[in-house]
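Here the protein sequences line up with chains A and B, keeping their order. In this text, residue positions in the first sequence follow UniProt numbering: the first is 1, and each later residue adds one. In this text, residue positions in the second sequence follow UniProt numbering: the first is 1, and each later residue adds one. Ideal Cβ placement from N, Cα and C applies to all residues, glycine included.
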Amino acid sequence: MKKQNFIECERKGLEKLINFRLPHYFYTIGIAVLGTAIVMMFIRAFVLEGDQEVLKVMLQRGLLIGMLLMSIAKDKDEDEMVVKLRMQSYTYAFVAGVVYALIMPFVDYGVSNVVNSGGEEFHDIGDFQVLLFMLMIQLLCFHTLKRVR
Amino acid sequence: MENTIKVERAILSLTQGDLAKKIGVSRQTINSIEANRYVPSTVLALKLSDVFGKPVNNFFKLSSDD
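Here's what the structure looks like:
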């Protein structure tokens with residue numbers, strides 16, 4: 001393959017990836033998955049007894065998958081402005097996620113030591129917490145930007 | 001960038017919704033373009049040009065801060 005063809009092929013692949021969106025009905029599926037995961041989380045916390053660590057992890061993944069589907073599903077009236085607002089919201093979510101991951105461990109540590117003397121040990125936040133925060137910020141920013149456009 | 005899309009639209013007696021339908025965007029996008037909150041792509045500008053039957057630079061003008 002010639003160098004020019006290779007670059008062209010790579011560019012097309014990248015464009016496809018950048019423009020990838022799921023059809024709008026995946027937004028509804030995302031809401032359903034998210035809702036089910038939240039309800040199941042309450043049931044696990046208040047009704048079920050015993051150790052359900054696997055269920056907890058599965059429900060956390062379910063929550064993230066639901067929000068991800070909502071995040072990458074097309075809008076009902078998807079046009080170039082909505083695409084731009086979506087990209088803007090991903091930027092905000094990324095920056096907020098990094099700041100959150102940097103600051104939150106210190107906030108957790110500080111608060112727990114102020115509330116109880118000799119509180120929790122210093123620990124990093126988990127992937128679930130960061131991803132959940134980023135997806136929440138993305139969805140929130142996207143809908144706010146769309147509302148005030 | 002400033003524009004006179006509202007005027008052009010009024011000349012053709014089109015509502016924001018009508019124009020939006022003609023060029024395949026949402027009514028809110030037309031509203032944002034008219035209010036200078038959003039600068040459309042070249043493709044969209046050319047579609048507007050088609051609808052109004054005028055060159056793009058007849059209704060889009062650079063402002064002093066561009």
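Short Cβ contact (8 Å threshold) for residue i with residue j
i                      : j        : result
residue 158 of chain A : A/Met70  : Absent from the structure is residue 158 of chain A, since the part of chain A shown begins at 1 and ends at 149.
A/Gln60                : A/Phe128 : yes
A/Met67                : A/Leu139 : yes
A/Ala73                : A/Gly30  : yes
A/Gly97                : A/Met134 : yes
B/Phe59                : B/Asn3   : yes
B/Ile23                : B/Leu44  : yes
B/Met1                 : B/Asp50  : no
Residues that residue i contacts on chain A, provided the C-beta gap is smaller than 8 Å
i       : result
B/Arg37 : Arg149
B/Leu44 : Glu80
B/Ser32 : Met81 and Arg149
Proximal residues of chain A, C-beta to C-beta of residue i below 9 Å
i       : result
B/Gly24 : Asp79
For residue i, the nearest candidate out of the options (CA to CA)
i        : options                                : result
B/Lys21  : B/Ser63, B/Asp65 and B/Lys47           : B/Lys47
A/Pro23  : A/Glu78, A/Val47, A/Asp124 and A/Lys56 : A/Glu78
B/Val41  : A/Met134, A/Lys84 and A/Glu8           : At residue 41 of chain B the sequence reads Ser, which differs from the Val that was named. Measuring from the Cα of B/Ser41, the nearest candidate turns out to be A/Lys84.
A/Ser89  : A/Asn5, A/Val107 and A/His143          : A/His143
A/Asp124 : A/Val107, A/Ile43 and A/Lys2           : A/Val107
A/Arg21  : A/Val82, A/Gly62 and A/Val33           : A/Val82
Three-state class that DSSP yields for residue i in the structure shown
i        : result
A/Glu120 : coil
A/Asn5   : helix
B/Asn3   : strand
B/Ala35  : coil
A/Leu135 : helix
A/Phe20  : coil
A/Lys74  : coil
B/Lys54  : coil
Proximity test, Cβ basis, 8 Å: residue i and chain A
i       : result
B/Gln28 : yes
B/Ser41 : yes
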